[in-house]
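Before any comments, here is the structure.
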Ligand SMILES: Cc1ncc(C[n+]2csc(CCOP(=O)(O)OP(=O)(O)O)c2C)c(N)n1
Ligand SMILES: Cc1ncc(C[n+]2csc(CCOP(=O)(O)OP(=O)(O)O)c2C)c(N)n1
Ligand SMILES: [Mg+2]
Ligand SMILES: [Mg+2]
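Shown next as structure tokens:
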């Protein structure tokens, strides 16, 4: 085991998978950094530090720096995937989904179905998402709800460096299109990462914290906040299961339902606004399938129905937090 | 009152509002039909029959036929809205959201917030949506869930010709960006439409059918199916409220909660796939806010987690239907 | 340009198959048995065939909403296509895709596409893969004059130039996007010129003359296979039917279709050229007509009789594996 | 080209205000007090000012992520901008937008934009509105060399040509998109040529010389106001700082920034030209420097001391009315 930052775990995984399988190809804006400049390729190596060195090692045919053309990037990933390659495309900010959604939603996600099951498109789209860096309304969003709603996609949201490695490896080796969401506020998060081969199957949640009283469901950065809340509550004698979904599609229904059957109380934490999102998805899953176990109405802790604001004070008010999560846990315990 | 098809109600409303307010401008692909051809402008007048005659009456500066460039269409609507006009843009198939989402999601929906509340962008985006015409995976989708999730937008889904008129009039006069979703399988639907001035406020649901036993919530085409189911069930002595949401954002929470407080049972019908959509949204609203009234777990009748298939038999299996809705009502009544 | 008699016969058979497929569909759609939106390719056959006769199965193409011609030209099974358009279980996409989504990856046919401008970015990906395979293969994006206004098409052209990808952008200018004339919708009216402005070599050719198309494409394909970068071709071509079946076509000029059928029919032009230059005998061509006609008859017959998909099949083929 | 001494002083003041605003931000960001991503415009001032000095408040502009210069040139309140960048309640967007979303519709400034290529389609809408107002007003989209690879930009150019909209596409080619050189990312390396291929008139001009920018823009604006259709201008310009604050800039050539500061500084070039042609006295320009410096000092001071927004304000300004 080595202690790595999440961004390092991503970079190492890309290295390892590219080394292992020559069909793996990465592409994205400024992932090489310095193309067409005096400093030359690798002068920068990606603004997130998740691709530095790949070009030097694997060359420009497999490490493709692209112009600012997200539709072309994702479309190219689709075409690479259809013709025997394993593309890993990077979308620098998940907010840019707006300029490339067709190639995700109507193309790669649907190839297999539209073409009668005769096609495989093993493409991975890495998207850097989330609030917390005061990047404002167009550089801070968490569109996992939108992506999870799309049949044909798998959607992954790692919350630790180890999971980043295990899940990204699985994503690259998976035969279906996978959206891999990396939270920018988790990039510097450190953790032990298993060395060598390490895969984590999709659709298997992780129990990030264990307790008997309330089930908290979260993904990505929200797992960190939920765990913090659970730790604080534990000191007050309140036990929480924190279920880290790892993948929102497929969804580990069993893990959620098992926990709720035990606790009878549910708090869902989601970084997105409240309407038609992952929070409502989990709440309705539980009320449909574990209705009889519920002792209180499920609680949702989400961001408000607003864009992401810029100023520190506003963004703090916008995001779920350990405090807000703990409050929701208390509310559900206090019910009736 | 005149009996009109829904598409006629749309066309008449556009006529009336353009006549009433010279700032109303319409734009979209082939909405004039025949530009640059020997047949000339208005040779076709829009493939949906919702714009025929507008060009002849109001001229090319206010009735703007566009190339196949959805991002530019929506962006132009945003720019028109920011500079004092009331654009009504048409997106021929809602599925093309994929190629213009940025201008909806990151631009017009967010202008007001990002710019500190100092901006108005009274743009309407009409989108023709929905399955039922065997138009397959890329011409049949119902992306209202995705749009409803976006703060800054209002989302309208008329289910009758009268509502189409009343809601479109409101949409055009509204100061915020509005997404107006017209179901292609409702275009030929006939109904009485009030003459003259007629507006319906947003956020006020319509009771399409009344009953005491179960609350059915639906929007757009699904209202028709739900009402049909409710009529059949009424003959069996089962009474259903059918709540036609009319607008999914804002949402008439009160109408839903009042009904569920009375019936204690909820069936949500939604044409979209089941994950992170309008169905989960309504279910979680009700379980959060009317938990104590519930006598059974809420039921969702949605399309499956698949793209929309082509063949008649498959599309039929895909879509919710009166039969499937009635079954869900029976399930919720049979619970425990 | 050299082209063998056999190759000519094959090309003619392909063109004729497309033509008869489409003419027949036009009739069959009237019966109401065929569901959905169908866009017929008749009139443009010389383009699809003139391009694809230069390709082999390793080369890939991506098509448009008007995809039947490209599919047939790239070797998709004609009966499987007809079954698909009829929405049958044995259709090439099991009835899930229909006219607008026919694909056959094994044949290098990456899909018709219901999204205008959907194909070009995909083709850049296929071309980048082709570059990695390193065996000279290439990828072709078919687009209409209307599609050349969609941002995705431009992004794809630029990305192809930047990455020196072996991609060909084949623009079929049939003068209409739906009911709108190219004179209105394409700012410059010069599609090849746009492509050139992205830094690639571009050709212009009469798309109703197979021989010209084939000759030009020889140069284009040589250029691209040689690694000299992507290329574009603008074909001047004609659409014989409406935009989709049901289109009243009042935007057409008086007698326009009759004139096109008379003066701009690629099948007639082929036959005349072949006769004049004694390349293939009329008898041989007539025999091909008969063969093709039988094939289409049989395809329609079988499609009519074939079983529809089962309702439960709606759930399959979304993922390879899920959970 | 005639330009009065007063007009020149105003232009100089605008350029200098931008420069000092940016230089000062560069220092202030080091303190850690300013949050988020900030992209500085220093080096490109002659473009923003040379364009906007031809515009009045009815004309509109849309800007980019690198928006401070355009905002100041179009007349946005400098102190309000500084407050915004500091995330203060009294900022021009109440602290909700920050550096990347400054807008002031009343001044005709339709917004900076965090989405590359976000602005051009919006500008076409503003231009279509301008056409309806019928008083000769126009709309300008500022874009970078990188933005000219985004599909939305192309769609906007074509739509503007098709609708004969009074729009100007101002491409600031500063040779970099983030850390990538224009030689790599723009297939043709000829941005004006691309615009021409869409059927509009295009100009190329040195963007570091205010006098040349101003003169060229005179022609461009005349063309567009006269209803002769949209136009494009490619400005050869330079970015003095990194892509964003924090950029290590190892992609720059050895001594590149020093050279640019020496040879390509639009402020120096302005002063030299003004001196040589005796247009404005050094004394007057020095006085402006002083004024501007005071304004910036005061803006920073006040911004530092100003109150942040209240937490509950996160909920306001989403809609004008909701339910
Ligand atoms: C993104 C998108 N916008 C609009 C449409 C609707 N549409 C289908 S075909 C078509 C016209 C296409 O014209 P062209 O590219 O010239 O192809 P042609 O029909 O002439 O073969 C349009 C507007 C679509 N399918 N996709
Ligand atoms: C759609 C989109 N893609 C990528 C980015 C990230 N990004 C921000 S600025 C930039 C470079 C823009 O280059 P250019 O247009 O030349 O403008 P400059 O920074 O030189 O002013 C990139 C890639 C973005 N903001 N939006
Ligand atoms: Mg066409
Ligand atoms: Mg630049």
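Residue numbers (this note's numbering), protein chains in the order written: chain A, 6 to 341; chain B, 6 to 341; chain C, 1089 to 1411; chain D, 1089 to 1411. Every residue, glycine too, gets a C-beta built ideally from N, C-alpha and C.
Taking the alpha-carbon positions, what's the residue 1163 (chain C) to residue 76 (chain A) distance?
Between residue 1163 (chain C) and residue 76 (chain A), the C-alpha separation is close to 29 Å.
List the endpoints of the continuous alpha helix (DSSP H) containing residue 237 (chain A).
226–240
Let me see if you follow: with CB-CB separation under 8 Å, is residue 35 (chain B) close to chain C or not?
yes
Mark residue 47 (chain B) as exposed unless 16 or more other C-beta atoms lie within 10 angstroms of its C-beta, in which case mark it buried.
buried
First and last residue of the uninterrupted beta strand (DSSP E) at residue 291 (chain B)
No beta strand (DSSP E) contains residue 291 (chain B), which is instead part of the alpha helix (DSSP H) from 283–294.
Bridge partners for residue 334 (chain A) per DSSP, in chain order?
BP columns for residue 334 (chain A) are empty, so no partner.
Can you find the residues in the same chain that come closer than 6 Å, C-beta to C-beta, to residue 213 (chain B), ignoring five residues on each side of it along the sequence?
228, 232, 247 and 249
Buried/exposed call for residue 1145 (chain D), threshold 16 Cβ in 10 Å
exposed
Count the other CB atoms, across all protein chains shown, that sit within 10 Å of the CB of residue 285 (chain A); report buried if there are 16 or more and exposed otherwise.
Buried, because 16 or more other Cβ atoms sit within 10 Å of the Cβ of residue 285 (chain A).
Rank D:1289, D:1124 and D:1234 by C-alpha distance to the C-alpha of residue 1249 (chain D) and give the top, closest one.
Ranking the options by Cα distance to residue 1249 (chain D), first place goes to D:1289.
Is the CB of residue 1242 (chain D) under 8 Å away from at least one CB in chain C?
yes
Show which residues of chain D have a CB atom less than 7 Å away from the CB atom of residue 1281 (chain C).
1285
Give, in chain order, every unbroken run of the beta strand (DSSP E) that is at least 3 residues long and sits entirely within the region 1249–1310 of chain D.
Entirely contained in the region 1249–1310 of chain D, the beta strand (DSSP E) runs reaching 3 residues are, in chain order, 1255–1261 and 1289–1294.
Where residue 307 (chain B) and residue 1272 (chain D) are concerned, what is the direct C-alpha to C-alpha distance, given to the nearest angstrom?
48 Å
Backbone CA spacing between residue 65 (chain B) and residue 94 (chain B) [nearest angstrom]
14 Å
Please list the residues of the region 310–340 of chain A that have a C-beta atom closer than 9 Å to any C-beta atom in chain D, keeping them in chain order.
From the region 310–340 of chain A, only 310, 311, 312, 314, 315, 316, 317, 318, 319, 320, 321, 322 and 323 have a Cβ closer than 9 Å to chain D.
Three or more C-beta pairs below 8 Å linking the region 9–18 of chain B and the region 163–173 of chain B:
yes
Along the chain, where does the alpha helix (DSSP H) that runs through residue 82 (chain B) open and close?
75–87
List, in chain order, every chain B residue whose beta-carbon is nearer than 7 Å to that of residue 104 (chain A).
107
Give the secondary structure of residue 174 (chain B) by DSSP, where H, G and I count as helix, E and B as strand, and everything else as coil.
helix
Could you tell me which residues DSSP puts in a beta bridge with residue 271 (chain B)?
B:220
Could you run through the region 58–73 of chain B and flag, in chain order, every residue whose CB is less than 7 Å away from some CB of chain C?
70, 72 and 73
Is residue 312 (chain A) buried or exposed, if buried means 16 or more other CB atoms sit within 10 Å of its CB?
buried
Which value, in whole angstroms, describes the spacing of the CA atoms of residue 1204 (chain C) and residue 1238 (chain C)?
7 Å
Go through the region 23–111 of chain A residue by residue and report every complete run of the alpha helix (DSSP H) that reaches 4 residues or more, in order.
59–63 and 75–87
Please go through the same chain and pick out, in chain order, the residues whose beta-carbon is closer than 8 Å to the beta-carbon of residue 27 (chain B), but skip the five residues on each side of it.
Closer than 8 Å at the Cβ level, and outside the excluded window around residue 27 (chain B), lie 67.
Can you tell me which of C:1166, C:1312, C:1114 and C:1195 puts its alpha carbon nearest to the alpha carbon of residue 1329 (chain C)?
C:1114
Take residue 1397 (chain C) and list the residues in its own chain whose beta-carbon comes closer than 8 Å to its own, dropping the five residues that flank it on each side.
1175, 1176, 1177, 1182, 1183 and 1184
Whole-angstrom distance between residue 1171 (chain C) and residue 1244 (chain C), CA atom to CA atom:
33 Å
Residues in its own chain within less than 8 Å of residue 326 (chain A) by CB, not counting five upstream and five downstream?
Short of 8 Å from the beta carbon of residue 326 (chain A), and not among the five residues preceding or following it, lie these beta carbons of its own chain, in chain order: 230.
Coil, strand or helix - residue 1153 (chain C) by DSSP:
coil
Chain D residues whose Cβ lies nearer than 9 Å to that of residue 43 (chain A):
1269, 1339, 1340, 1341, 1342 and 1344
Short of 7 Å in beta carbon distance, which residues of its chain neighbour residue 237 (chain B), apart from the five on each side in sequence? Order them along the chain.
327 and 331
Among residues of its own chain, excluding the 5 on either side of residue 1322 (chain C), which ones have a beta-carbon nearer than 6 Å to its beta-carbon?
Cβ neighbours of residue 1322 (chain C) beyond the five flanking positions: 1259, 1261, 1279, 1280 and 1292.
Does residue 1129 (chain D) come within less than 8 Å of chain A when only Cβ atoms are used?
Not an interface residue.
Use the C-beta contact count for residue 1119 (chain C): other C-beta atoms within 10 angstroms, 16 or more gives buried, fewer gives exposed.
With fewer than 16 neighbouring CB atoms inside 10 Å of its own CB, residue 1119 (chain C) falls in the exposed class.
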